[in-house]
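All residue numbers for the sequence shown refer to this note's numbering, where the first residue is 422 and numbers rise by one. For every residue, glycine included, the Cβ atom is placed at its ideal position computed from N, Cα and C.
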Amino acid sequence: MNLGKKVPMRKCVATGEMKPKKELVRIVRTKEGLVSIDLTGKKSGRGAYLSKETEAILLAKKKNILSNHLQANIEDSIYEELIELIEKEKRLS
Numbered sequence: 422m423n424l425g426k427k428v429p430m431r432k433c434v435a436t437g438e439m440k441p442k443k444e445l446v447r448i449v450r451t452k453e454g455l456v457s458i459d460l461t462g463k464k465s466g467r468g469a470y471l472s473k474e475t476e477a478i479l480l481a482k483k484k485n486i487l488s489n490h491l492q493a494n495i496e497d498s499i500y501e502e503l504i505e506l507i508e509k510e511k512r513l514s
């Protein structure tokens with residue numbers, strides 16, 4: 422029997438895949454309508470998870486998945502920031 426900690430799973434809004442929370446990045450919209458990248462996963466507001474893969478982010482941008490999910494306008498800078506974040510993580514690993 423596995424007595425280890427249960428791994429929290431989340432669904433990527435772009436690919437529809439279930440993945441461990443650590444493999445996803447959370448984007449959050451506050452009550453004020455501000456959209457930001459939530460690296461802690463603890464900010465309050467409506468959250469959406471994306472796979473830490475460039476393809477998933479580009480897909481979300483192309484199909485407007487994030488803005489539909491968060492019911493907010495998503496600036497291009499958010500997508501650029503996400504891609505930068507992923508590239509940086511890839512270089513570090």
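- Length of the line joining the Cα atoms of residue 506 and residue 453: Stepping through the sequence shown from its first residue, residue 506 is reached at position 85. Stepping through the sequence shown from its first residue, residue 453 is reached at position 32. Using only the alpha carbons, I get a separation of about 25 Å.
- Message: Between 492, 434, 463, which has its C-alpha nearest residue 480's C-alpha?
- Response: Sequence index remark: in the sequence shown, residue 480 carries index 59 (1-based). Comparing Cα-Cα distances from residue 480 to each of 492, 434, 463, the minimum goes to 434.
- If we ignore side chains and look at the alpha-carbon of each, how far apart do residue 502 and residue 463 end up? Translated into positions along the sequence shown, residue 502 becomes position 81. Translated into positions along the sequence shown, residue 463 becomes position 42. Between residue 502 and residue 463, the C-alpha separation is close to 19 Å.
- Query: Alpha carbon to alpha carbon, what distance is there between residue 500 and residue 492?
  - Reply: Position 71 of the sequence shown, counted from the first residue, corresponds to residue 492. Position 79 of the sequence shown, counted from the first residue, corresponds to residue 500. Their backbone Cα atoms lie some 16 Å apart in a straight line.
- Using 10 angstroms around the beta-carbon of residue 472, count the other beta-carbons present and answer buried if the total reaches 16, otherwise exposed. Indexing the sequence shown from 1 puts residue 472 at position 51. Counting Cβ neighbours within 10 Å, residue 472 comes out buried, since at least 16 surround it.
- When we look at the beta-carbon of residue 482 and count the other beta-carbons within 10 Å, is it buried (16 or more) or exposed? Stepping through the sequence shown from its first residue, residue 482 is reached at position 61. So residue 482 ends up on the buried side.
- Rank 490, 461, 449 by C-alpha distance to the C-alpha of residue 443 and give the top, closest one. Position 22 of the sequence shown, counting from 1, holds the residue named residue 443. Out of 490, 461, 449, 461 has the C-alpha closest to the C-alpha of residue 443.
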